[in-house]
Amino acid sequence: MSAAAYPSLEQARALDRADPLARHRAAFSLPEGVVYLDGNSLGPLPVETPKRVADAVSRQWGEGLVTSWNDAGWIDAPQRIGDKIAGLIGAAPGEVVVTDSTSVNLYKLIMAAAHIDPARTEILTEAGNFPSDLYVANGAARSLGLSLRVVERDALIDAISSATALITLTQVDYRSGYRHGMAALNAAAAEHGTRIVWDLSHSVGAVPLDLGKDRAELAVGCGYKHLNGGPGAPAFLYVAKHLQARLSSPIAGWFGHMAPFAFDGAYQAAAGISRFLAGTPPILSMIALETGVDSMRQVDRRALFEKSAQLFDLFAELAAARCPDLRCISPGDPARRSGHISFAHANAYEIVQALIARNVIGDFRTPDVARFGITPLYLRFEDVWLAVDALAEILEREIWREPQYAVRRAVT
Ligand SMILES: *Cc1c(COP(=O)(O)O)cnc(C)c1O
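Residue numbers (our numbering): 707 to 1118.
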């Protein structure tokens, strides 16, 4: 048993009373008694969402029928919500569009970017990238006849060369929460005349982003994590203005056409970011996403990221004092970490299951990572305290050894 002093529950509650963001919690429909530490995987339900989706179903669809494409703003939803997300990530209006899934958008941007300089032979990425991103990069490389070079994080910068057609990286590591510095890597790529396709899935809403200032040219990101857009929410795609006219989507669908309703037999790509649309947007899901994005836009984001760092520090301090068997694998440097904190333990799966049985919801990532989302919009310092308290008890009393916690479920 550690004798180290650690903050008390009362001290955590005092931090909540002083928290300028505390009122935002009421904007989410969180079940009573649940400590939700998985908002980095599936954000919770905003209170507004059922109302707005119900209105979209019964009034816009039910009464408006097809006229709602014009009258309820359905047709502009990908660009309208894209512009709202642009405001969250330091992009300009007209540089972001909401469409498809993150995986599909990544494919579109890799295929498009690879054609900028056909003399280049290689796509570069890092070994710890999110598996779906590795699969997509591999598949795209194969159909382009390029090789996929996969290196360790430390070797990335030295691996960039005049043969690099593009680099694809996820800014925030889904396991450790390690955050790449965007500006430095974009500059390193630009030195060799190439560019990075960033995946911002674990970044948007979780860490400060300034794509314009950091000279990012291409990015994709997810709508259902820190943006609280709902399960399977549409994703977004960013292309810097100066590059848009030089890129074409590998999926030339009618929504990416200059004039979809001209029903022209020949394809002509839309002038701007809209050329990356493919088919009809899923309007009900778009409206749910827009509601999540709207609630993120109302928040003072500087205060949000400050609170994120404080929640992280409290979690790390309590876990270090009370759970000595857990090894924190997230960076200590606030500039390198992000919206989740992760711990390695040989029995991380069982530990997470035992926590879920106590209404403390985190997740497990193979092979040995227990991961906890830090989402300052609705998390309280008290929640962090209670979560580590439950963790400490599960570890000290070896509750995780109970056989039901070893049963593997489809989604971890
Ligand atoms: C969540 C996530 C995705 C999700 O991709 P989908 O196509 O929506 O399933 C992709 N990449 C990263 C890095 C993610 O974290």
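C-beta: ideal position from N, C-alpha, C; glycine also. Only a predicted model underlies this, so the values are computations on that prediction, with no experimental measurement involved.
query: Between which two residues does the beta strand (DSSP E) containing residue 1077 stretch?; result: 1075 to 1079
query: Run the CB neighbour count on residue 943, radius 10 Å, all protein chains shown included, and call it buried at 16 or more, exposed below.; result: buried
query: Let me see if you follow: with CB-CB separation under 7 Å, is residue 1079 close to chain C or not?; result: No chain C is part of this structure, which consists of one protein chain only.
query: Looking at residue 1064: is its Cβ nearer than 7 Å to the Cβ of residue 1071?; result: no
query: Can you tell which of 737, 909, 872 and 1019 has the C-alpha that lies nearest to the C-alpha of residue 880?; result: 909
query: List the endpoints of the continuous beta strand (DSSP E) containing residue 780.; result: No beta strand (DSSP E) holds residue 780; DSSP gives it neither H nor E.
query: Identify, in the order they occur along the chain, each residue of the same chain with its Cβ nearer than 8 Å to the Cβ of residue 732, setting aside the five sequence neighbours on each side.; result: 753
query: Check residue 730 in the structure and name its three-state DSSP category.; result: helix
query: Could you check which residue in 1118, 975, 962 and 855 has the C-alpha nearest to that of residue 1068?; result: 1118
query: How should residue 806 be labelled, buried or exposed, when 16 other C-beta atoms within 10 angstroms of its C-beta is the threshold for buried?; result: buried
query: Just to confirm the assignment: which complete alpha helix (DSSP H) runs, minimum length 4, are found wholly within the stretch 877 to 957?; result: 888 to 897 and 947 to 950
query: With hydrogens ignored, establish whether the beta-carbon of residue 905 is closer than 6 Å to any heavy atom of ligand 1.; result: yes
query: Could you tell me the alpha carbon to alpha carbon distance between residue 989 and residue 976, rounded to whole angstroms?; result: 21 Å
query: Which value, in whole angstroms, describes the spacing of the CA atoms of residue 917 and residue 789?; result: 14 Å
query: Excluding the 5 residues flanking residue 1005 on each side, which residues of the same chain have their C-beta closer than 8 Å to its C-beta?; result: 727, 730 and 1083
query: Give the straight-line distance between the Cα atoms of residue 1056 and residue 1062, rounded to the nearest whole angstrom.; result: 10 Å
query: Kindly indicate the opening and closing residues of the alpha helix (DSSP H) around residue 808.; result: 808 to 820
query: When you compare the stretch 1087 to 1106 with the stretch 1011 to 1025, are there three or more beta-carbon pairs, one atom per stretch, that lie closer than 8 Å?; result: yes
query: Taking 6 Å as the cut-off, does the CB of residue 909 come closer than this to any heavy atom belonging to ligand 1?; result: no
query: Would you call the stretch 865 to 882 and the stretch 819 to 832 touching, i.e. three or more CB-CB distances under 8 Å?; result: yes
query: In angstroms with no decimal places, state the Cα-to-Cα distance between residue 723 and residue 962.; result: 49 Å
query: Residue 1067 by DSSP, collapsed to three states: which one?; result: strand
query: Could you tell me which residues DSSP puts in a beta bridge with residue 1049?; result: 1034 and 1076
query: Between the alpha carbons of residue 899 and residue 867, how many angstroms are there, rounded?; result: 9 Å
query: Measuring alpha carbon to alpha carbon, tell me which residue in 947, 784 and 721 is nearest residue 1089.; result: 721
query: CA-CA distance, residue 812 and residue 980?; result: 16 Å
query: Which partner residues does residue 828 have in the DSSP bridge list?; result: 853 and 870
query: Run through DSSP, which three-state label would residue 707 get?; result: Caution applies to residue 707, whose pLDDT of 48 falls short of 50 and renders its modelled position unreliable; the value that the coordinates give is listed next. Residue state, collapsed to three classes: coil.
query: Let me confirm a value: residue 707 is counted as buried when at least 16 other C-beta atoms fall within 10 Å, else exposed. Which label applies?; result: Here residue 707 scores only 48 on pLDDT, less than 50, and its place in the model should not be relied on; the value that follows carries that caveat. Looking at its Cβ environment, which holds fewer than 16 other Cβ atoms inside 10 Å, residue 707 is exposed.
query: What first and last residue would you give for the beta strand (DSSP E) that runs through residue 755?; result: Run containing residue 755: none in the beta strand (DSSP E); it sits in the alpha helix (DSSP H), 754 to 761.
query: Can you tell me where the alpha helix (DSSP H) holding residue 1094 begins and where it ends?; result: 1087 to 1102
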